Amino acid sequence: MKAITLLASIFIMCISCNCQKKAVEPSNIVANQEAQANENLIPDTQNGMKIEYEANTRGFYEKVTIQNQTIMVSKDRNGADQPVAKKISDADWKALTAFFTEVNLAEMPNLKAPTEKRFHDGAPIAELKITYKDKDYTSSNFDHGFPPAQIKKLVDKVVSLTEQE
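Residue numbers (the working numbering): 6 to 170.
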């Protein structure tokens, strides 16, 4: 009886180890495919990307949407004001797309904010969302005006475009 139990245990253990190998291999393939896809991200400067930057706190709200070389800024969180689309100059668009290509989209959710003023209402909570090739990439929250270093150039350019309005 002990021999049968021992053989059954060994058999089950071998089967379960084999199942784990099969489960791990496809996830590695998917991770490699995503890494390769991110390396090849070169924006179609007219239709390939949509950038949304949102910053808010109790008394402040700002949402910036950039797509197709146009910018829309909303300062009303309820959507009562209708933002007007304005064209971005060719020079600013070129700079914006250059900064976009420097961003590692797959790493955006893992970026660490350099400051934590938003935790005590010292700064508005900001978030960057990029839609590229029908996939959304959203950053972790950070303080408005103090983005993570990896997306700083892009965020600063987006904010500067709102100030030009």
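Think of the CB as a built atom: it goes at the ideal place given N, C-alpha and C, for glycine as much as any other residue. The structure presented is a predicted model; accordingly, all values stated were derived computationally and were not measured.
Practice item. Please state whether DSSP places Gln87 in a helix, a strand or coil. Key: To locate residue 87, count along the sequence shown from 1; it is residue 82. Of the three classes helix, strand and coil, the one that applies to Gln87 here is coil, per DSSP.
Practice item. Kindly list the residues whose CB is nearer than 7 Å to the CB of Lys92, restricted to its own chain and excluding five residues on each side of it in sequence; keep chain order. Key: By one-based count along the sequence shown, residue 92 stands at place 87. Same-chain partners within the cutoff: Gln74 and Thr75.
Point to revise | N-terminal and C-terminal residue of the alpha helix (DSSP H) that Glu3 is part of | key: A question about residue 3 goes unanswered here, because the residues of the chain that appear run from 6 up to 170.
Practice item. Give the straight-line distance between the Cα atoms of Arg123 and Gln169, rounded to the nearest whole angstrom. Key: Reading the sequence shown from its first residue, position 118 is the one you call residue 123. Reading the sequence shown from its first residue, position 164 is the one you call residue 169. Rounded to the nearest angstrom, the two C-alpha atoms are 25 Å apart.
**Study point:** Where Asp161 sits in the DSSP three-state scheme
**Key:** As a first step, residue 161 is located in the sequence shown; it is residue number 156 there, counting from the start. Correct three-state label for Asp161: helix.
Exercise for review: Go through its chain and collect everything with a Cβ distance to Lys55's Cβ below 6 Å, but skip five positions before and after it.
Suggested key: Locating residue 55 in the sequence shown gives position 50, counting from the first residue. Gln72 and Thr136, listed in sequence order.
Practice item. For Lys68, count neighbouring Cβ atoms within 10 angstroms of its own Cβ and tell me buried if that reaches 16, exposed if not. Key: Walking along the sequence shown from the start, residue 68 turns up at place 63. Lys68 comes out buried.
Check your understanding: Looking only at its own chain, which residues have a Cβ that is under 7 Å from the Cβ of Phe147, when we skip the five neighbours before and after it?
Key -> Counting from 1 along the sequence shown, the entry for residue 147 is found at position 142. Only Ala118, Ala131 and Pro153 meet the Cβ criterion.
Check your understanding: Alpha carbon to alpha carbon, how far is Asn61 from Leu116?
Key -> Mapped onto the sequence shown, residue 61 falls at position 56. Mapped onto the sequence shown, residue 116 falls at position 111. Asn61 and Leu116: Cα-Cα distance of roughly 19 Å.
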